[in-house]
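In this note's numbering, the protein residues as written are 66 to 453.
C-beta atoms are modelled at their ideal positions from N, C-alpha and C, and glycine is treated no differently.
Written out as C-alpha cells, the structure is:
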C-alpha cells in the first residue's frame, strides 16, 4: 500500500496543503539515511546560515508539528523554503532533511539532475534529455495513473488486512476514478487541469489517456452489471438518485422479459445484457462515498456551485447531486464519518458552539445515509441502545 504523505502549504505551489503518497521502499531508504548517514554530518555541526540569508532560526522543543523558533512557537507547515534553510537544529546542523557533509542544508538539486542526466547519456542513451526536478512530477503522474488503471493499488488494497490500513484509503484506491485520485495527489482543483497536465508533454500521454478511457468503460460496465445483479437479489441502492437507477434496471428486466416471451427458446447471454447496460455505464463516475450517474448535467449541483454548468463531467469532490447513489460498498466510509464526528464533537469545548452545530448537522446526515444504505441492502441499522 502507498503511504500517505502530507505536503505542507509553505512549500507547495499556490500555498495549498495537500496529501500525496510515497512508496514504502522509497520511504524506507529515507529512514535509512536518517538513521545512518545524516547524523554523521549534522550532529554537533557548527554550521550557521550565511548572513546574506538573514538571522539564524534556532529550533528548540521540536515535535511533529513544529517547535520554538528563537523562543517563539511556530508551526512547521507555515514555514517557506527561504525560512526553512535558515533553521538550525538543537544538536547542530540544518533542520532540513538533506544535508551537506558540513551539516548545512543541501539544495543543489538541479546540479544532481544535470549530473545524473549526463551519466545516462554517457553510459546508456546519448539522446537522453537534460531533466529538471519538475519532470519528476510528470513522471509520478504517468506512473501513478498506469498503476491505478491496471488495478495495482486495488489489488494491494484487497491484500491488506482491515487492521493494517485505513478502510477509507482502501476503498478510495479500489473504487475511485483514477483521474480523480491523481487530481487529489497533484493538488489540482479540477480533473480538467489534470487531463491537460498529462496531455502537455506530448502525444504519448494522449494515447495513454485514450487507453485509460477504454479501461474505465470496461470497469464502469462491470460495476453497473454487478449493481443490476444486486438489485435482482434484493440489495438496492439508496440516495437521491436511487429511484432513477432502479427504474432503469426495471426497464432492462422488462426488455429481457419481452425478449423471452417473443422467443422463449432463445437464451439471453451476458453480452446482450451488457449491451442494455452500456448506455448507463457511460454516465457513471466513481466517488469515495457515492456513485454519480451524470445523465443530466442540469441536475449536477457541483457544476452550479463551481460555476461550470456546461462541463461534461462532475466534480466528484463536491458531489451531492440528485443523481448520486449510495451502495453497500460505500458503507465503511460513512460508518467512519459517523465515528469521527462523534469523537470530534466530544472533544469540543463549551465555547465552540458554531463548530459543534456544524459537526452535529454532518453527523445527522451521515447517520441517515448509513441507515438508508442498511435499509436498502435489507439489513436495517439497529436503533441506539439495542443489540443485534
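- Secondary structure of residue 87 (DSSP, three-state): strand.
- Secondary-structure assignment with DSSP links residue 98 through no beta bridge to anything.
- If you ignore the 5 residues before and after residue 154, its C-beta comes within less than 7 Å of the C-beta of 107, 124, 160, all in its own chain and listed in chain order.
- Counting only runs of 4 or more residues that sit fully inside the stretch 276 to 314, no alpha helix (DSSP H) segment turns up.
- Residue 71 carries a strand assignment under DSSP once its states are collapsed to helix, strand and coil.
- One Cα belongs to residue 399, the other to residue 430, and the distance between them is close to 10 Å.
- In the DSSP annotation of this structure, the continuous segment of the alpha helix (DSSP H) that includes residue 402 starts and ends at 396 to 412.
- The Cβ neighbour count for residue 301, taken over all protein chains shown within 10 Å, is at least 16; the residue is labelled buried.
- Secondary structure remark: continuous alpha helix (DSSP H) runs of at least 4 residues inside the stretch 89 to 176, in chain order: 89 to 97, 103 to 107, 146 to 149.
- By a beta-carbon distance limit of 8 Å, residue 432 does not contact residue 410. Their separation comes to about 12 Å.
- Per DSSP, the continuous beta strand (DSSP E) segment holding residue 351 begins and ends at 349 to 351.
- Membership of residue 196 in any alpha helix (DSSP H) is not indicated, and neither H nor E is assigned to it by DSSP.
- With respect to the 8 Å criterion, residue 95 and residue 85 are not classified as neighbours on the basis of their beta carbons.
- It is roughly 27 Å from the alpha-carbon of residue 286 to the alpha-carbon of residue 436.
- As the crow flies, the alpha-carbon of residue 201 is around 12 Å from that of residue 174.
- Spanning the alpha carbons of residue 363 and residue 386 requires a straight line of approximately 10 Å.
- Around the beta carbon of residue 249, a 10 Å sphere encloses 16 or more other beta carbons of the protein chains shown; the residue is thus reported as buried.
- Counting of Cβ neighbours within 10 angstroms places residue 434 among the buried residues, the total reaching 16 or more.
- Taking a contact as a CB-CB distance under 8 Å, the pair residue 402 and residue 306 does not count as one, their CB atoms being some 20 Å apart.
- Using a 10 angstroms sphere on the CB of residue 218, the tally of other CB atoms reaches 16 or more, which defines it as buried.
- In the three-state reduction of the DSSP assignment, residue 389 falls in the strand class, which pools E and B.
- Straight through space, the alpha carbons of residue 441 and residue 392 are spaced by roughly 8 Å.
- Note on residue 299: under 16 other CB atoms within 10 angstroms of its CB, so exposed under the neighbour-count rule.
- Within the same chain, 86 come within 6 Å of residue 67 by CB-CB distance, once the 5 residues on both sides are set aside.
- Distance from the CA of residue 280 to the CA of residue 339, rounded to the nearest whole angstrom, comes to 15 Å.
- By the Cβ-count criterion, residue 341 is buried, with 16 or more other Cβ atoms from all chains shown falling within 10 Å of its own Cβ.
- For a cut-off of 8 Å, the C-beta gap from residue 388 to residue 360 is around 6 Å, short enough to register as a contact.
- Rounded to whole angstroms, the Cβ separation of residue 150 and residue 121 is 11 Å, and the two are not in contact under 8 Å.
- Within the DSSP bridge table, the entry for residue 218 names no partner.
- In the same chain as residue 70, and ignoring 5 residues on each side of it, the C-beta atoms closer than 6 Å to its own belong to 85, 86, 87, in chain order.
- The C-alpha of residue 74 is placed about 6 Å away from the C-alpha of residue 143.
- Nearest Cα to residue 104 within the set 145, 158, 91, 140: 158.
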